[in-house]
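Comments concern the structure below.
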Amino acid sequence: MEYKSETKNCQNCKNDFVIEPDDFGFYEKMGVPAPTFCPSCRRQRRFAWRNERSLYKRNCDLCKKNIIAMYHESAPFPVYCRECWYGDSWDAKSYGRDYDMNKSFFQQYKEFSDTVPHLALWQRNVVNSEYSNMTGESKNVYLSTSVVKDCENVFFSRCIDKSRDIIDSMNVLNSENLYENVEAQSNYNSQHLLLCRTSLDSYFLVDCVNCSNCFMSYNLRNKEYCIRNKQYGREDYLKEIAKYNLKSRKVRQELLKEFDEIKKKAIYRFANITKSVDATGNNCLNVKNVKECFEIYNAENIAYGFRAFDIKDSYDFDYGGWSELMYEYTTGALNDFNVKFSYSAMGSVRNADYTESCINCTDIFGCISLKNTENAILNKVYSKVEYEKLRGEIIEQMSTVPFVDKMGHKYAYGEFFPIEILPFGYNETLAQEYKPLTKEEAIQNGYPWRDKEIKNFSISIPSDKIPDSIDEVDENVLKEILECMHREECDHQCVEAFRLTDYEFKFYKRYNIPLPVLCPNCRYYERRQVMPVMHLWHRKCMHPNCPNEFETAYSPDRPEIVYCEKCYQQEVY
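When we follow our numbering, the leftmost residue of the sequence shown carries the number 1, and every step to the right adds one.
As structure tokens, then:
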């Protein structure tokens, strides 16, 4: 069938968006209607289901031990620790219920969800990582998210794959011994690097490739012993570097000011897309035929994706990999196939709609926390014939009498979960980072909100008294409560105070890094601001007299010098 482009008006933001012929082909393959929300609003809706960083102390509702959870103790459903949830002392099928054709699907899903045990932290095959959420197949992860693929010793970081000994970094692949690296591939033993690949033993670099022993430089290729883009001999380089007392916070702060100016001098390619064919978006590696995708690698035929890898033939897919035919999905896919409108099909789930935290299941609809099951609706198991019949009837009901939320949005079959059944406050989730709202704006738009709780603690070291040099502190500092310099006077979800971990302290000592004066949340938000957001702007190349235009994630109000591919290659190589 030959399709034509169609312009539709988004239910949510009321802006027009275009559905291309290839999009219609995908929707037909998936057996779903075309979306009624634009790509940006669809992503915001999915992100509102992903709480990465708001963690709470509470009790496991099964074994009663004290745990850390992403769900506040006021959550209406039971919350189980990892050992209990994965264990066989309970069966999610026991919560199964009949479907009532007199109620809407989403109303029944909400009532059902309020009874079924939920997993306290999203973790899969992890060791010694009780303070980290959204983590899989890794070891020793602390206050970090989206850490997967056999990582080890990852602290205060996000989106880390196949790496170890990483602190305060973001979007790291195949790397080791890094501090404050953003967009790093195959880097080693380096600090304060941005958009660098195969670089080692370096400090304060922007967009450098295959470099070693370089300092405060940008756009270098295959260099070593460079300072401020000037070539040195080995001995002279080491003498110059020795002049900087990197153990001192004051010294580093001055260098970071210079680094900010270096970032403004560097030339940025309009999109960080490498080894790829027919790709739009940013931070894409080894992809083919991807549209408006961000933080994605080893992928083919993907649209509107974020943080995806080893995946193909999927739309509106966030966080996960090794899967195929995924649509309107977020968080933690592993070997999944044909999963739609779902949160956390944790592994080996096939032919599923509206699924939440299920494992090794086939042909399920509206199921939660289910394992090793086939032909289930609301966790009740049917024969194959009964399942197919009832599934068809539910889809018809959803399509003919859609659920209408408080804002007037219609949710027929083909829409992701309505915001009215969110288990989190908007400000607890990734949506707040993607599209920040005030409490008033969130409530006005129908989102729930979580007010900050008053915490009782006694700060033992004010931020202005934290020692300047790492040489001035010993292990006794591990007993102290340090004040964050922002003192909650920021929009970074500041936690006001923080403690150091033993591994973190030893890392600082080993690599001559002064103690931080900001809490992990404030450090994280400052790091996020370095990279452009998940949006594309139509811009012209900033090289003088170049007529080329492109789609870029660098907004016009950002300070970077952004070139088209041709001008970038001519300037840098």
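We put the beta carbon where it would ideally sit given N, CA and C, even for glycine.
Only a predicted model underlies this, so the values are computations on that prediction, with no experimental measurement involved.
| So, are the CB atoms of N375 and S383 less than 8 angstroms apart? | In the sequence shown, residue 375 corresponds to position 375, counting from 1. In the sequence shown, residue 383 corresponds to position 383, counting from 1. Cβ atoms of N375 and S383: closer than 8 angstroms.
| said: For H192, count the other beta carbons within 10 Å of its own beta carbon; 16 or more makes it buried, fewer makes it exposed. Which is it? | reply: Along the sequence shown, read from residue 1 onward, the residue named residue 192 stands at position 192. The residue is buried, with at least 16 neighbouring Cβ atoms inside 10 Å.
| field | Residues bridged to A34 [DSSP beta-bridge criterion] | value | What you label residue 34 is simply residue 34 of the sequence shown in a count that begins at 1. The partner list for A34 (beta bridge, DSSP) is empty, contrary to what the question assumes.
| said: Between the alpha carbons of Y411 and I302, how many angstroms are there, rounded? | reply: For this step, residue 411 is matched to residue 411 along the sequence shown. For this step, residue 302 is matched to residue 302 along the sequence shown. Going by the C-alpha atoms only, they are around 24 angstroms apart.
| query | Considering M398, what are the terminal residues of the alpha helix (DSSP H) in which it resides? | reply | By 1-based counting over the sequence shown, the position of residue 398 is 398. For M398, the enclosing alpha helix (DSSP H) covers residues K384 to T400.
| field | Own chain partners of R43 with C-beta closer than 6 angstroms, once the 5 adjacent residues on each side are dropped | value | Sequence index remark: in the sequence shown, residue 43 carries index 43 (1-based). Cβ neighbours of R43 beyond the five flanking positions: none.
| Residues sharing a beta bridge with R350, DSSP | Reading the sequence shown from its first residue, position 350 is the one you call residue 350. For R350, which the question treats as bridged, DSSP gives the partners F337 and T362.
| task | Quick one: grab the DSSP three-state call for D100. | result | In the sequence shown, the residue the question calls residue 100 occupies position 100. Residue state, collapsed to three classes: coil.
| field | Host beta strand (DSSP E) of K288 (start-end) | value | Taking the sequence shown and counting its residues from 1, one reaches residue 288 at position 288. Taken as a continuous stretch (DSSP letters only), the beta strand (DSSP E) holding K288 covers V277 to A303.
| said: So, with DSSP's three-state summary, where would you put V18? | reply: Along the sequence shown, one-based indexing puts residue 18 at 18. In the structure shown, V18 sits in a strand (DSSP, three-state: E or B).
| said: For the structure I just gave you, are there three or more beta carbon pairs, one from the region 149 to 168 and one from the region 517 to 525, closer than 8 angstroms? | reply: Taking 8 angstroms as the limit for Cβ pairs, the verdict is that the region 517 to 525 does touch the region 149 to 168.
| task | Decide if the region 141 to 150 is in contact with the region 472 to 484; the criterion is three or more beta carbon pairs, one per stretch, under 8 angstroms apart. | result | no
| message | Assuming L430 is part of the alpha helix (DSSP H), what are its boundary residues? | response | For the purposes of this step, residue 430 is taken as the residue at position 430 of the sequence shown. Its alpha helix (DSSP H) spans residues L430 to Y434.
| task | Find the nearest neighbour of M1 within the set F26, K8, K14 and N12, judged by alpha-carbon distance. | result | Locating residue 1 in the sequence shown gives position 1, counting from the first residue. Out of F26, K8, K14 and N12, F26 has the C-alpha closest to the C-alpha of M1.
| query | Mind pulling the alpha helix (DSSP H) runs of 4 or more residues that sit fully within the region 40 to 110? | reply | 82 to 86
| query | Where T429 and R53 are concerned, what is the direct C-alpha to C-alpha distance, given to the nearest angstrom? | reply | Translated into the one-based positions of the sequence shown, residue 429 becomes position 429. Translated into the one-based positions of the sequence shown, residue 53 becomes position 53. Answer to the nearest angstrom: the Cα atoms are 8 angstroms apart.
| query | Any idea if D165 is buried or exposed, counting beta-carbon neighbours within 10 angstroms, 16 or more meaning buried? | reply | Numbered from 1 along the sequence shown, position 165 holds the residue referred to as residue 165. Per the 10 Å Cβ criterion, buried.
| field | Close beta carbons around S138, own chain, < 6 angstroms, minus the five adjacent residues each side | value | What you label residue 138 is simply residue 138 of the sequence shown in a count that begins at 1. V126, V147 and C151.
| message | When you compare the CB positions of R58 and V79, do they come within less than 8 angstroms of one another, or not? | response | Translated into positions along the sequence shown, residue 58 becomes position 58. Translated into positions along the sequence shown, residue 79 becomes position 79. Against a cut-off of 8 angstroms, the Cβ pair of V79 and R58 comes out as a contact.
| task | Going by DSSP, name the residue or residues bridged to E6. | result | Here the question's residue 6 lines up with position 6 in the sequence shown. Answer is I19.
| task | Can you have a look at Q570 and say buried or exposed, based on whether 16 or more other CB atoms are within 10 angstroms of its CB? | result | In the sequence shown, the residue the question calls residue 570 occupies position 570. When all chains shown are included, Q570 counts as exposed.
| field | Inter-residue spacing [alpha-carbon to alpha-carbon] between N245 and K439 | value | Locating residue 245 in the sequence shown gives position 245, counting from the first residue. Locating residue 439 in the sequence shown gives position 439, counting from the first residue. Near 44 angstroms, if we compare the C-alpha coordinates of K439 and N245.
| Quick one: what does DSSP say E240 is sitting in, helix, strand or coil? | Position 240 of the sequence shown, counted from the first residue, corresponds to residue 240. DSSP places E240 in the helix class (H, G or I) of the three-state scheme.
| query | DSSP three-state call for D316: helix, strand or coil? | reply | Taking the sequence shown and counting its residues from 1, one reaches residue 316 at position 316. Three-state DSSP puts D316 in a strand.
| said: Just verifying my parser: in three-state terms, what is the DSSP assignment at L515? | reply: Your numbering for residue 515 matches position 515 in the sequence shown. Under the three-state reduction of DSSP output, L515 falls in the coil class, being neither helix nor strand.
| request: State the DSSP-derived secondary structure class of D502, mapped to helix, strand or coil. | output: Residue 502 sits at position 502 when you count from the first residue of the sequence shown. Here D502 sits in helix by DSSP.
| Nearest neighbour of W90, chosen from A553, Q108 and L62 [CA to CA] | The residue given as residue 90 occupies position 90 in the sequence shown. L62 is the residue among A553, Q108 and L62 whose C-alpha sits nearest the C-alpha of W90.
| Among W449, R50, T280 and F498, which one has its Cα closest to the Cα of E551? | As a position in the sequence shown, residue 551 is number 551, starting the count at 1. Of the listed residues, the one whose Cα sits closest to E551 is T280.
| message | Give me the residue from P532, V572 and A497 with the minimum Cα distance to E183. | response | For the purposes of this step, residue 183 is taken as the residue at position 183 of the sequence shown. Minimum Cα distance to E183 is reached at P532.
| message | I believe N222 touches N213 by the beta-carbon criterion, under 8 angstroms. Please report the beta-carbon distance rounded to the nearest angstrom. | response | Residue 222 sits at position 222 when you count from the first residue of the sequence shown. Residue 213 sits at position 213 when you count from the first residue of the sequence shown. Between N213 and N222 the Cβ distance is about 13 angstroms, and since that is not below 8 angstroms, they are no contact.
| If you drop the 5 nearest sequence neighbours on each side, which residues of the same chain put their C-beta closer than 6 angstroms to that of N189? | For the purposes of this step, residue 189 is taken as the residue at position 189 of the sequence shown. Taken in chain order, the residues that qualify are N177, L200 and D201.
| Alpha carbon to alpha carbon, what distance is there between K230 and L238? | One-based indexing of the sequence shown puts residue 238 at position 238. One-based indexing of the sequence shown puts residue 230 at position 230. Cα-Cα distance, rounded: 14 angstroms.
| message | Are the CB atoms of L119 and R82 within a distance shorter than 8 angstroms? | response | Numbered from 1 along the sequence shown, position 82 holds the residue referred to as residue 82. Numbered from 1 along the sequence shown, position 119 holds the residue referred to as residue 119. The answer is yes: Cβ separation under 8 angstroms.
| said: Would M216 and R228 be called neighbours here (beta carbons separated by less than 8 angstroms)? | reply: Residue 216 sits at position 216 when you count from the first residue of the sequence shown. Residue 228 sits at position 228 when you count from the first residue of the sequence shown. Result yes, Cβ atoms of M216 and R228 sit closer than 8 angstroms.
| task | Work out the CA separation of Y434 and T330 for me, nearest whole Å. | result | Here residue 330 corresponds to residue number 330 of the sequence shown, with the count starting at 1. Here residue 434 corresponds to residue number 434 of the sequence shown, with the count starting at 1. Between T330 and Y434, the alpha-carbon positions lie close to 14 angstroms from each other.
| request: Would you mind giving the Cβ-Cβ distance between C10 and F37, rounded to the nearest angstrom? I have them listed as a contact below 8 angstroms. | output: For this step, residue 10 is matched to residue 10 along the sequence shown. For this step, residue 37 is matched to residue 37 along the sequence shown. With a Cβ gap of about 6 angstroms, C10 and F37 count as contacting.
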